[in-house]
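Residue numbers (my numbering): 139 to 274.
Here the structure is laid out as structure tokens; the discussion comes afterwards.
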Amino acid sequence: MATTIKDRTRLDSSPALVGTVIDKYEIVGVVGKGGMGCVYEAINTSINKRVAIKCIDGELAKNAEANARFRREALAASSVDSSHIVQIFDAGVTQSGLPYIVMELLRGRDLGAYLSEHGPLEAAEALPIVAQVLKG
């Protein structure tokens with residue numbers, strides 16, 4: 139599904155996307171940044187629902203192999219129906235060529251942040267987490 143990007147955006151996933159609109163999604167903040175791009179908090183303006191939008195970095199967006207890998211990620215994640223895997227709602231490419239994935243916005247801390255603050259987990263703490271990962 140091809141969509142358009144409006145306002146003052148560029149072909150990148152920098153924080154410059156905050157305040158812009160991709161299709162019906164208004165970008166309102168940055169959730170995090172990873173190896174392939176950035177994840178933003180957005181509002182689906184049609185139904186006033188908060189979502190997360192993952193955008194591939196500008197230089198990677200020009201790379202056909204990276205685009206294919208990004209699309210495979212969206213397809214793989216959307217094919218899994220589990221409460222332990224983030225839900226995928228939509229995916230597309232903006233008119234300027236920026237690929238994106240729209241997904242469930244999860245609140246809370248990630249395991250890495252918890253471990254940084256508290257150190258290694260005891261076995262009794264780790265087992266329920268590992269069990270959830272294996273269910274996903």
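A virtual CB, placed ideally from N, CA and C, is assigned to each residue, including glycine.
Residue i - containing alpha helix (DSSP H), residue span
i, result
"Pro266", "Ala261 to Lys273"
"Arg210", "Ala202 to Ser216"
"Ala251", "Leu249 to His256"
"Ala229", "Note, Ala229: premise wrong, no alpha helix (DSSP H); beta strand (DSSP E) at Ile226 to Val231."
"Ala199", "Gly196 to Ala199"
Residue span of the beta strand (DSSP E) that contains residue i, given as start and end
i, result
"Gly84", "This structure cannot speak to residue 84, because the chain is shown only from 139 to 274."
"Val156", "That residue, Val156, is in no beta strand (DSSP E); it is neither H nor E in DSSP."
"Ile181", "Gly175 to Asn182"
Close-in-space but distant-in-sequence residues of the same chain around residue i (CB under 7 Å, 5 per side omitted)
i, result
"Ala215", "Ile223, Val224 and Ile226"
"Thr142", "Unreliable positioning characterises Thr142 in this predicted model, as indicated by a pLDDT of 32, which lies under 50. The coordinate reading is nonetheless provided below. The answer, listed in chain order, is Asp161, Thr232 and Gln233."
"Glu280", "Nothing about residue 280 can be reported from this structure: the residues present for the chain run from 139 to 274 only."
"Val208", "In the sequence as displayed, the identity of residue 208 is Phe instead of Val. The residues are Met174, Ile194 and Pro237."
Whole-Å CB distance - residue i paired with residue j, under 8 Å assumed
i, j, result
"Met174", "Ile194", "6 Å"
"Asn205", "Ala212", "With a Cβ gap of about 11 Å, Asn205 and Ala212 do not count as contacting."
"Leu243", "Val189", "5 Å"
"Ser217", "Lys273", "With 8 Å as the limit, Ser217 and Lys273 do not qualify as a contact, their Cβ atoms being about 16 Å apart."
8 Å CB neighbourhood of residue i in its chain, flanking five on each side removed
i, result
"Val156", "Ile165, Val166, Gly167, Val168 and Tyr178"
"Val271", "His222"
"Thr183", "Val159, Lys162, Tyr163 and Glu164"
"Ile267", "Leu249 and Leu259"
"Met241", "Val189, Ala190, Ile191, Lys192, Ala215, Val224, Gln225, Ile226 and Phe227"
"Lys187", "Ile181"
Contacts around residue i, its chain only, beta-carbon distance under 6 Å, and the 5 residues preceding and following it disregarded
i, result
"Ala116", "Past the edges of the chain, shown from 139 to 274, lies residue 116, and the structure says nothing about it."
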